[in-house]
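Be aware that the sequence shown starts at 627, since it is given in our numbering, and climbs by one per residue. Glycine is no exception: its CB is placed at the ideal position from the N, C-alpha and C atoms. On a predicted model such as this, the values are computed, not experimentally measured, just so you know.
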Amino acid sequence: MKLLLLLNEGPYGSEKAYNAFRIAHQIQKDHTQIDLRIFLLEDAVNCALDRQVTPDGYYNIGRMVRFSLGRGAAVKLCGSCMDARGLHPDLLIPSIQRGSMEELAQWIAECEKVLNF
Numbered sequence: 627m628k629l630l631l632l633l634n635e636g637p638y639g640s641e642k643a644y645n646a647f648r649i650a651h652q653i654q655k656d657h658t659q660i661d662l663r664i665f666l667l668e669d670a671v672n673c674a675l676d677r678q679v680t681p682d683g684y685y686n687i688g689r690m691v692r693f694s695l696g697r698g699a700a701v702k703l704c705g706s707c708m709d710a711r712g713l714h715p716d717l718l719i720p721s722i723q724r725g726s727m728e729e730l731a732q733w734i735a736e737c738e739k740v741l742n743f
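What follows is the structure in structure tokens.
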């Protein structure tokens with residue numbers, strides 16, 4: 627099965643991104659046969675910033691993104707959302723790809739389930 631997680635909110639303004647990646651990790655742990663894809667839109671593109679520093683004891687979305695990538699998830703960012711925020715590819719966690727609405731539409735068509743955060 628193919629599963630797509632769509633994230634719209636930034637990494638630390640609410641806990642939506644945190645909970646999306648918690649779900650992603652649980653799926654990757656318990657259901658390794660699932661092809662997990664994650665597409666970051668709007669302020670969620672900031673989840674892909676490399677070198678995030680958070681206080682001790684606080685979750686770090688950058689580490690959570692890296693964990694999902696390490697377990698085989700594909701992660702793409704909305705290119706226009708990146709441009710609107712001045713987010714240069716050099717600032718991103720390696721292996722994350724710039725995406726497009728065409729690619730997102732393709733992923734939606736290919737995936738049996740889509741969860742929106």
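What are the boundary residues of the alpha helix (DSSP H) that residue i is part of?
| i | result |
| --- | --- |
| residue 653 | 642-656 |
| residue 734 | 727-736 |
When you compare only the Cα positions, how much space is there between residue i and residue j?
| i | j | result |
| --- | --- | --- |
| residue 667 | residue 652 | 22 angstroms |
| residue 677 | residue 671 | 14 angstroms |
| residue 733 | residue 719 | 21 angstroms |
| residue 741 | residue 654 | 15 angstroms |
| residue 588 | residue 638 | As displayed, the chain neither begins before 627 nor continues past 743, which places residue 588 out of reach and without an answer. |
| residue 681 | residue 726 | 33 angstroms |
| residue 717 | residue 657 | 31 angstroms |
| residue 687 | residue 647 | 8 angstroms |
Along the chain, where does the beta strand (DSSP E) that runs through residue i open and close?
| i | result |
| --- | --- |
| residue 742 | 739-742 |
Assuming residue i contacts residue j under a Cβ cut-off of 8 angstroms, what Cβ separation, rounded to an integer in Å, is found between them?
| i | j | result |
| --- | --- | --- |
| residue 702 | residue 629 | No, residue 702 and residue 629 are not in contact; Cβ-Cβ is about 14 angstroms, not under 8 angstroms. |
| residue 631 | residue 660 | Not confirmed; about 11 angstroms, so no contact. |
| residue 705 | residue 724 | 5 angstroms |
| residue 743 | residue 643 | 7 angstroms |
| residue 650 | residue 721 | Rounded, the Cβ-Cβ distance is 15 angstroms, inconsistent with contact. |
| residue 636 | residue 669 | 4 angstroms |
| residue 710 | residue 662 | About 26 angstroms; that fails the 8 angstroms criterion. |
Quiz prompt | Entirely enclosed alpha helix (DSSP H) segments - the region 653-719, minimum 4 residues | solution = Correct list: 687-696, 705-710.
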